[in-house]
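Chemist: One structure is given below, represented as structure tokens, and several questions about it will come after.
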Amino acid sequence: MSAPAAHGSTPDYFIPQPSSWPIKGSIALFLMALGAATWINGMFPGPWALAIGLAFLVYMLFGWFGTVAGESEGGRYSGKVDVSFRWSMSWFIFSEVMFFAAFFGALYYARVFSVPWLGDLDQRLLWPDFKAQWPTAGPEIAESFTPMGPFWIPTINTALLLSSGVTLTIAHHALKDNKRGVLNLFMFLTILLGVVFLGFQAYEYAHAYSDLNLKLSTGIYGSTFFMLTGFHGFHVTVGAIMLIVVWVRCMKGHFKPDHHFAFEGAAWYWHFVDVVWLGLYIVVYWM
Amino acid sequence: MSAVLDQHGHSHGHDDHHHGPPSGLMRWVMTTNHKDIGTLYLWFSFIMFLTGGVLALGIRMELFQPGLQYWNPEFFNQLTTMHGLIMVFGAIMPAFVGFANWLIPLQIGAPDMAFARMNNWSFWLLVPAAMLLVISFFVPGGATAAGWTLYAPLSTQMGLGMDLGIFAMHIMGASSIMGSINIVTTILNMRAPGMTLMKMPMFCWTWLITAYLLIAVMPVLAGAITMVLTDRHFGTSFFNAAGGGDPVMYQHIFWFFGHPEVYIMILPAFGIISHVVPAFARKQLFGYASMVYATSSIAILSFIVWAHHMFTTGMPASGQLFFMYATMLIAVPTGVKVFNWIATMWKGSMTFETPMLFAVGFIFVFTMGGFTGLICAVTPIDIQIQDTYYVVAHFHYVLVAGSLFALFSGTYYWIPKWTGHMYDEGLGKLHFWASIIFFNITFFPMHFLGLAGMPRRIPDYATQFADFNAIASVGAFGFGLSQLIFLVVVLKAIKGGAKVGDKPWEGAEGLEWTVPSPAPYHTFETAPQVK
Amino acid sequence: MGVAKWINKVAAAAVPALGAGAALAQAVVDMPGGPAVRQLNLPPPVTGIASQIYDLHFVMLGICAVIFVAVFGVMFYSVFAHRKSKGHKPADFHESTAVEIAWTVVPMIIVIVMAALATKTVLAMKDTSNADITIKATGYQWKWGYDYVKGEGEGISFFSSLSTPREQIEGKAPKGVNYMLEVDNEVVVPVGRKIRILTTAQDVIHAWMIPAFGVKQDAIPGFIRDTWFKAEKVGVYRGQCAELCGKEHGFMPIVVNVKTEADYTKWVEEQKKLMAAKMDDPNKQWTQAELIARGEKVYAATCVACHQASGKGTPPAFPPLDGAKVVQGPKDNPIAVLLNGRQGTAMASFKSLSDVELAAVLTYTRNSWGNKTGDAVMPADIKAAKAWDAAKLNQLSAKAQ
Ligand code: HEA
Ligand code: HEA
Ligand code: CUA
Ligand SMILES: [Cu+2]
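Chains as they are written, first to last, in this note's numbering: chain A, 2 to 288; chain B, 106 to 636; chain C, 406 to 806.
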């Protein structure tokens, strides 16, 4: 049975041996959930369990992806397995799109339905002075705040992310042409652009809190603004970590011109994060 | 085994030549075998079914007669909520994933799922999630009591139990998404040569579409409960009018997930029935192509009907009309399925072993549930019966007599393949008759209660409702006890019983019946050729 | 309608008096305006909308029953005739475009007919214009508040809570006919007039429903939604809160008393007098004892559901007031808690109570059970506090005092 298949094309499958990474991941998530839930309620074990769980999760991710990278470099993934990876990454990104859709949907609903309703005639009984306009913190959160406009940080950030898409594509072409030096350089540039983006975003948040009086608790505007940009920022962080891992592997000489799905998967993810940002830039900052 | 696997088996020092599973507990914890994982899913879901069932018995005990007997109202709400959550996320959904794991590779001629290791994680994520739910009963304030729909702002009031519930659902959602990605990929990429999509067994088709629904809506649920979490603890105002948000927005987001979710729980059931009916009618499935189109139409329509759960929230008339029309349309493709099954039976050569009994029972009783669904879809009528026991009756008809009966039917049908033994036919038939009779005793009277105006989720009621509640409670205990028969049948079939050959059912068709029973640990290591 | 009544009767006779065993050993009779014993169908309609719904349901049920019998007639015929044990050999057809198109198109037509029938009623139900009387119904955890905002009776305002005694619920006393569906203050409306109900809520979502009127409308905190009815018969009609709203969701009934025009006018006058009598004299100087006595009543009506008569609450969901630091500390804090509520908890704002009531209930809680501050909170204190801004209220009412 361990004989190679007679005809070169058939042995397409890869079935891994029993593995302990999944159960480790489950234990990690259990600790994290328990920790997070108790922490936000000010109870034991709170942050302790969360931190241990998180550390364990990071360990698991390193181990698991390390195994996968090893298997890939060991040439154990056939073309068919590669196609499976492509399908799965596409569907995973689709699920992420739907996650963002929930929050974009919330923003849309608030602007088109709930805020105008709150300001309509019947509601005078409850909120006599509320004027329906966007942005708003709602009828009862009276503190004044300044909304976040598109200039200049978000616009600069848009430019950063768009250029990072370009540099990433250059890196990809370099990989395909087997120009490893260019590849490594442009990977680095891509990551750098991502990190600078995050830096600007952090600065923007600080600015919002300290100068604009714009907080997570600033009614529906603050809620949607910070949750959308926050989850996006989180995804940029994840994407950047992916790219860093890929970069390190590039420098180790991993990937071949015709076989480098990990690279492409990370790149797809990065482009997805890019597109979400464009959506945010238009819907959150401009409209 | 595939050459790729063992050619390069260097790094882990494992034995490349063992064919059977590793032994002991670790076999189950670390397994990457789709059959093992399928078995784990099935046992997990059965245990969850018993747990959820015991909670249901708690509900029915309190409702046996008017007045407060056993629980305080707060705990009663916890029972209702956890019953709903556990049945939906713990029992029915994982059971179908268990079937998918066992059957999809066998039916499409693949050696395993596309991502065997991730498959293991999908299962083992359910266990911590279930533990979190169970733990939440014992924390100060108790489990979440906001209904399985977790409507805000009630869900922003609860204590730690609510947060544990939210995180449990996040984890279950992650499990579902990974499981679905695995299933989609397996079906799209790992079919044996010659098996085109339109030759694929119906069960795989229904799961392909279900998996797509899951990937589309589970993240939306995650978004909704994340907003509840931040409203609870981090000062956001998504569902708080004072901050410009809207409680009804939660319902829109939730039901955008929730309605497709109910089809997620029924489409694989349709798939199972589409195997059992032809097998026992000894006649090919009628209208294969229209079955595929009907399933797809149901899935597509399911995205534009969600607000039929919200007719009483006070949406504009145009909204009510749109959602009413869209909802009623779903009766058409569902009808096509029902008619196709009946046409399959027509002029067949039928026998009525337990799988077929459950399948016929399914068609009959599910259709009743479908009709009451249609009645709910008519906005003015729904405004009368929304949040009453009529709705409870409707969804138990489609979920218990629908999803659950299909699961039983499938289990009886495939258990010879899983265990290599024929189940005890006498006990199986007893299980069927006890189930269908007690089922109707339990849930039929609820239609009357609902029409008469008894709200759901209440621990006490007007004395005029007493008789039907008493009948329902008696039925519930009978139904619950009947399920122990099922447990006995399954255990007996695992332990022993008549040995069966590759294909114990005369009319069965499909690749799974070409391998020995019980199915060997590894199957289809070289892909079969499908003509 | 006639047919339905008849079915009801037959079935009522057919189902044996099994319930006697389950309920207390007492004859249960129909509840006037509420459910009948073993009622099988929608309640007898009392409004035009309700009777449209009633008929619509009847038609739908009829169509479904016919389809059901037809479809399963075929299936059971097949089940009996096409058995292997009868030697039936399987045919080998497995598709037929004509048949498949037919059974797609015919159901399509049927549902279109059904939808068309319902559309008119949907539009009629939504038409809340030109109401004679407008009443605002506010859901609280767990009772209803009513304000007559427009039309005859304008200005009337009261709370309405379950009046079934605790002993009946706990089985220590025989249950009355109106068990669970009776209230202390009923909503009163005139017969034959269009009544518009505005629903809203203070804390979580509730729903205002009267089955006999064909009315159910969610009451959503922070939003006003509306519905309407025009009752055609004098009588008392009963329903309950129909949206899960927490612990006592099952215990917040709704009772509407439909009176003749003349009786309604009389009722309005009585109410006006009563309200005038109840109005606190703004110049009255309250003593501590008076405030405590008044506060005890307010507490029993408003706070007791959560914090319990003993003041011990049901921790951890509902904290005790007995011995609570907040209650016994500086006045400003408990005042702020009452005016502001505690965001994200069941403790809502009670600023809808009058200054006197708030002062009274605080004086009561500060001097009851083990609490002995010995002072009194005066209506003037509340009045002053009502002028505080949001930031101050938030800060004073916050938990970590
Ligand atoms: C497996 C799960 C499942 C399935 C399959 C369905 C199927 C349907 N459901 Fe159901 N539903 C639920 C699970 C399900 N439902 C749950 C869990 C709830 C409550 C959630 C909660 O609030 O907690 C609910 C609630 C619910 C409501 C909201 C009620 C309320 O809260 O007020 C409505 C309203 O429109 C509805 C409608 C329908 C319709 C029209 C169908 C249709 O798909 C049915 C179609 C089938 C048929 C019609 C029968 C077969 C057809 C023929 C034989 C053809 C000929 C027929 C005609 C032409 C009439 N459902
Ligand atoms: C998904 C599937 C599903 C299934 C299978 C069931 C099964 C059952 N449900 Fe279900 N139910 C829901 C989904 C389901 N339910 C949902 C989604 C809700 C809405 C929740 C909400 O409002 O938020 C609901 C609500 C609901 C209510 C309304 C509660 C309320 O509004 O307050 C009631 C009341 O009778 C009820 C009863 C039952 C009963 C009697 C069964 C029976 O079929 C159960 C039978 C099984 C058993 C009884 C277990 C058998 C085992 C034993 C007897 C052995 C026990 C021994 C040991 C373990 C040692 N359910
Ligand atoms: Cu108020 Cu339910
Ligand atoms: Cu639905």
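The beta carbon of each residue, even a glycine, is placed where N, CA and C say it ideally should be.
Give me the residue from 415(B), 454(B), 378(B), 222(B) with the minimum Cα distance to residue 445(B).
Modeler: It is 378(B).
Chemist: Using a Cβ-Cβ cut-off of less than 7 Å, list which residues of the stretch 316-330 of chain B approach chain C; keep chain order.
Modeler: Result list empty, no residue passes.
Chemist: May I have the straight-line CA-CA distance separating residue 642(C) from residue 462(C), to the nearest angstrom?
Modeler: So the two alpha carbons sit approximately 21 Å from each other.
Chemist: Between the Cα of residue 220(B) and the Cα atoms of 148(B), 426(B), 169(B), 289(B), which residue gives the shortest distance?
Modeler: The shortest C-alpha separation from residue 220(B) is found at 289(B).
Chemist: I'd like to know whether the C-beta of residue 530(B) is nearer than 9 Å to at least one C-beta of chain C.
Modeler: No, residue 530(B) does not count as interfacial toward chain C.
Chemist: Would the beta-carbon of residue 87(A) be found less than 8 Å away from any heavy atom of ligand 2?
Modeler: Residue 87(A): no, Cβ never under 8 Å from ligand 2.
Chemist: If residue 306(B) and residue 212(B) are in contact, beta carbons under 8 Å, what's the gap, nearest whole angstrom?
Modeler: Indeed, because the Cβ distance is near 4 Å, the residues count as touching under 8 Å.
Chemist: Residue 645(C) touches chain B at which residues, Cβ-Cβ below 7 Å?
Modeler: Within chain B, the residues near residue 645(C) are 560.
Chemist: So, helix, strand or coil for residue 715(C), using DSSP?
Modeler: It is coil, neither helix nor strand.
Chemist: Taking 8 Å as the cut-off, is the C-beta of residue 58(A) nearer than that to any heavy atom in ligand 3?
Modeler: No, the Cβ of residue 58(A) stays beyond 8 Å of every heavy atom of ligand 3.
Chemist: May I ask you to report which of helix, strand or coil DSSP gives residue 459(C)?
Modeler: Here residue 459(C) sits in helix by DSSP.
Chemist: Give me, in chain order, the residues of the same chain whose beta-carbon lies closer than 6 Å to that of residue 699(C); leave out the 5 immediate sequence neighbours on both sides.
Modeler: 765, listed in sequence order.
Chemist: So residue 249(B) is in the beta strand (DSSP E); what residue range does that whole segment cover?
Modeler: Where residue 249(B) is concerned, there is no enclosing beta strand (DSSP E), given that its DSSP letter is neither H nor E.
Chemist: Give me the subset of the stretch 449-462 of chain C whose CB atoms are less than 9 Å from a CB atom of chain B, sorted by chain position.
Modeler: So the close ones are 454, 455, 457, 458, 459, 461, 462.
Chemist: For the beta strand (DSSP E) containing residue 645(C), list its first residue and its last residue.
Modeler: Run containing residue 645(C): 640-645, per the beta strand (DSSP E) assignment.
Chemist: Compile a chain-ordered list of the residues in the stretch 517-550 of chain C whose CB is closer than 7 Å to at least one CB of chain B.
Modeler: Within the stretch 517-550 of chain C, the residues whose Cβ lies closer than 7 Å to some Cβ of chain B are 519, 520, 523, 524, 526, 527, 528, 530, 531, listed in chain order.
Chemist: Counting contacts by CB-CB distance shorter than 9 Å, is residue 62(B) in contact with chain A?
Modeler: The shown model of chain B, from 106 to 636, leaves out residue 62(B), and the question about it has no answer.
Chemist: Whose C-alpha, out of 605(B), 338(B), 411(B), 381(B), is nearest the C-alpha of residue 77(B)?
Modeler: With chain B covering only 106 through 636, there is no way to say anything about residue 77(B).
Chemist: What is the rounded straight-line gap between the Cα of residue 610(C) and the Cα of residue 626(C)?
Modeler: Whole-angstrom Cα-Cα distance: 6 Å.
Chemist: At what residues does the alpha helix (DSSP H) containing residue 397(B) begin and finish?
Modeler: Run containing residue 397(B): 393-406, per the alpha helix (DSSP H) assignment.
Chemist: Could you tell me the distance, in whole angstroms, from the CA atom of residue 228(B) to the CA atom of residue 149(B)?
Modeler: About 9 Å.
Chemist: Using only CA atoms, which one of 486(B), 538(B), 595(B) lies nearest to residue 527(B)?
Modeler: Residue 527(B) has its Cα closest to that of 595(B), out of 486(B), 538(B), 595(B).
Chemist: How should residue 17(A) be labelled, buried or exposed, when 16 other C-beta atoms within 10 angstroms of its C-beta is the threshold for buried?
Modeler: Residue 17(A) should be labelled buried.
Chemist: Within 10 angstroms of the Cβ of residue 130(B), are there 16 or more other Cβ atoms? Answer buried if so, exposed if not.
Modeler: Label assigned to residue 130(B): exposed.
Chemist: Any idea which residues DSSP pairs residue 626(C) with across the strands?
Modeler: According to DSSP, residue 626(C) bridges with 606(C).
Chemist: At what residues does the beta strand (DSSP E) containing residue 635(C) begin and finish?
Modeler: Looking at the DSSP string, residue 635(C) is not in any beta strand (DSSP E), and its letter there is neither H nor E.
Chemist: Let me confirm a value: residue 630(C) is counted as buried when at least 16 other C-beta atoms fall within 10 Å, else exposed. Which label applies?
Modeler: Buried is the call here.
Chemist: Around the C-beta of residue 44(A), are 16 or more other C-beta atoms found within 10 angstroms, so that it is buried, or is it exposed?
Modeler: Exposed, because fewer than 16 other Cβ atoms sit within 10 Å of the Cβ of residue 44(A).
Chemist: Could you tell me whether the stretch 176-185 of chain B touches the stretch 34-52 of chain A, using the rule of 3 or more Cβ pairs below 8 Å?
Modeler: No contact exists between the stretch 176-185 of chain B and the stretch 34-52 of chain A.
Chemist: Would residue 452(B) pass as an interface residue toward chain C - the criterion being a Cβ-Cβ separation below 9 Å?
Modeler: Chain C, which has a Cβ nearer than 9 Å to the Cβ of residue 452(B), makes this yes.
Chemist: Quick one: does residue 351(B) have its CB under 9 Å from some CB of chain A?
Modeler: For residue 351(B), the answer is yes, since a Cβ of chain A falls inside 9 Å of its Cβ.
Chemist: Could you compute how far the alpha carbon of residue 139(B) sits from the alpha carbon of residue 468(B)?
Modeler: Going from the Cα of residue 139(B) to the Cα of residue 468(B) covers about 30 Å.
Chemist: Excluding the 5 residues flanking residue 168(B) on each side, which residues of the same chain have their C-beta closer than 8 Å to its C-beta?
Modeler: For residue 168(B), where only same-chain residues beyond five positions count, the Cβ hits under 8 Å are 564, 566, 574, 577, 578.
Chemist: Cβ of residue 207(B) less than 9 Å from any chain A Cβ?
Modeler: With 9 Å as the cut-off, residue 207(B) does not count as an interface residue toward chain A.
Chemist: At which residues does the alpha helix (DSSP H) containing residue 664(C) begin and terminate?
Modeler: Element bounds for residue 664(C): not the alpha helix (DSSP H) but the beta strand (DSSP E), 658-664.
Chemist: With DSSP collapsed to three states, give me the class of residue 260(A).
Modeler: In this structure, residue 260(A) counts as strand in the three-state DSSP scheme.
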